[in-house]
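Residue numbers (this note's numbering): 9 to 430. The structure under discussion appears below in the form of structure tokens.
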């Protein structure tokens, strides 16, 4: 059968327009196309990380430890953990949780937040005796209730949990292996589950997965939306990796530390939009992210922070405060409008904030009364700024999706500097 093979350049062009997850799967299964895959620009709509998993567009990849019991019934608790992709922590040879590698940092890793550097837990004989006492108590209590109408399930659950906690102590005492075999499992939404024997630490498995997917890319990976919402964690990335990102979402109070941690993997901070949880420090806005980003979305404002001073210094073209109901009293947005009238702002500057139903009714009336705002035919309020520009204020109801999924208020007040009509 005659076959016309794609040239290297044609293959790169095809890969360039292919779904990112399909590219990952093809490159993993067909080694001959890997060089073309690495040399072709990669585009991802949404990328999010946690300690032992990542989301790429609509696909999620999760690393965990799957335990397969040998010759005995698998405890229900373990069955439930296995069904969710396995547990996301390491074990030692007896089955005790192993914390020795949880804060290990390797080249290319991105450290988010303050790591837990606690030492390995001690597992004493006294702890074992205490578990045995609990187990005896639960079994005797269950026997006493065997003829009653009271539910037996809670005691049965406690018995199973205690027996499971005792297993590593017994293995260590008898110097035996665990009753189960352990496997590192990769779980996805779309593709078959994959398992390999547990011979490496979980962080090494996560590092291997991320290197397999993102490693050795010739170009910066273009990401429409990057979300970092777990704290603390270590993102296990390969060395020499960079992202070109349009929207960054960070979900922490101390956002500046997160932005600093991300800086080595960002091609630049010329980002279209930054969504952050908090700003309460004037020094924060000197970070390149705040200086260069066109749209800034802030979820919360501290009552104790100098937020009005912070806002005056922000140079972003568009600013949205999502949840600041109580903070935006009448006197504050009136002050902001007067500030714009005094110092001037470029046409296109937008400041938006969320309000309640009650506040919505007050906004237009107050602006008309205190600033001489004129209500236009389209329902907006126009406030004169200077000879060539004015401030247009509108109040719009947010959709159910915006209120529930984006956690916005009922209404958004939008203040935009526009060119005055001739």
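Beta carbons: idealized from backbone N, C-alpha and C, even for Gly. Predicted model, so just to flag it, every value in this text is computed and none were measured.
| Item | Value |
| --- | --- |
| Would you kindly check if the distance between the Cβ of residue 399 and the Cβ of residue 345 is under 8 Å? | yes |
| Would you check if the segment 199 to 210 and the segment 219 to 232 touch, i.e. whether three or more CB-CB distances between them fall below 8 Å? | no |
| Looking at residue 35: is its Cβ nearer than 8 Å to the Cβ of residue 45? | yes |
| Please state whether DSSP places residue 130 in a helix, a strand or coil. | coil |
| Contact defined as beta carbons within less than 8 Å: I believe residue 3 pairs with residue 191. What is the distance between those atoms, to the nearest angstrom? | What is shown of the chain runs 9 to 430, which leaves residue 3 out entirely. |
| When we look at the beta-carbon of residue 247 and count the other beta-carbons within 10 Å, is it buried (16 or more) or exposed? | exposed |
| Run the CB neighbour count on residue 423, radius 10 Å, all protein chains shown included, and call it buried at 16 or more, exposed below. | buried |
| Just to confirm the assignment, what range does the beta strand (DSSP E) spanning residue 190 have? | 188 to 196 |
| Could I get the ranges of all uninterrupted alpha helix (DSSP H) runs contained in the segment 201 to 245, with 4 residues as the minimum, in chain order? | 210 to 222 |
| Does the beta-carbon of residue 9 have 16 or more other beta-carbons within 10 angstroms, so that it is buried, or is it exposed? | Bear in mind that a pLDDT of 48 at residue 9, under 50, signals an unreliable position, so the number given afterwards is only what the model happens to contain. Looking at its Cβ environment, which holds fewer than 16 other Cβ atoms inside 10 Å, residue 9 is exposed. |
| Please state the DSSP three-state secondary structure of residue 113. | coil |
| Within a Cβ cutoff of 8 Å, which residues of the same chain sit near residue 342, ignoring the five residues on either side of it in sequence? | 374, 375, 378 and 379 |
| Count the CB pairs spanning the segment 177 to 190 and the segment 91 to 111 that are closer than 8 Å, and state whether there are at least three. | yes |
| Whole angstroms are fine: how far does the CA of residue 69 sit from the CA of residue 62? | 5 Å |
| What did DSSP end up calling residue 347 once you bin it into helix, strand or coil? | helix |
| With distances taken from CA atoms, which of 52, 79 and 133 is nearest residue 66? | 52 |
| In whole angstroms, what separates the C-alpha of residue 166 from that of residue 132? | 21 Å |
| Grab me the residues of residue 219's own chain with a C-beta within less than 6 Å of its C-beta, minus the 5 sequence neighbours each way, in chain order. | 246 |
| How would you call residue 427, buried or exposed, if buried means at least 16 neighbouring beta carbons within 10 angstroms? | exposed |
| Could you pull the start and end residues of the alpha helix (DSSP H) that residue 161 belongs to? | 161 to 182 |
| Quick one: what's got a C-beta closer than 8 Å to residue 59's C-beta in the same chain, skipping five residues either side? | 96, 214, 238, 241 and 242 |
| Can you list, in chain order, the stretches of the alpha helix (DSSP H) that have 4 or more residues and sit fully within the segment 31 to 104? | 42 to 47 and 84 to 91 |
| At the level of alpha carbons, what is the spacing between residue 13 and residue 222? | 26 Å |
| How should residue 162 be labelled, buried or exposed, when 16 other C-beta atoms within 10 angstroms of its C-beta is the threshold for buried? | exposed |
| Between the alpha carbons of residue 357 and residue 120, how many angstroms are there, rounded? | 33 Å |
| Identify the residues that DSSP records as bridge partners of residue 398: which are they? | 392 and 426 |
| Taking a contact to mean a Cβ-Cβ separation below 8 Å, would you say residue 281 touches residue 301 in this structure? | yes |
| Have a look at 79, 82 and 197 and flag the residue whose alpha-carbon is nearest the alpha-carbon of residue 30. | 197 |
| Could you check how far apart the C-beta atoms of residue 274 and residue 253 are, in whole angstroms? I think they sit under 8 Å. | 7 Å |
| Go through its chain and collect everything with a Cβ distance to residue 421's Cβ below 6 Å, but skip five positions before and after it. | 361, 363, 371 and 403 |
| So residue 315 is in the alpha helix (DSSP H); what residue range does that whole segment cover? | 315 to 321 |
| Does the distance from the C-beta atom of residue 259 to that of residue 278 stay below 8 Å? | no |
| Could you give the DSSP three-state label for residue 250: helix, strand or coil? | coil |
| Which residues in the same chain as residue 23 place their Cβ atom closer than 7 Å to its Cβ, once the five residues preceding and following it in sequence are excluded? | 31, 44, 45 and 48 |
| How far does the alpha helix (DSSP H) with residue 330 in it reach, from first residue to last? | Run containing residue 330: none; DSSP gives neither H nor E here. |
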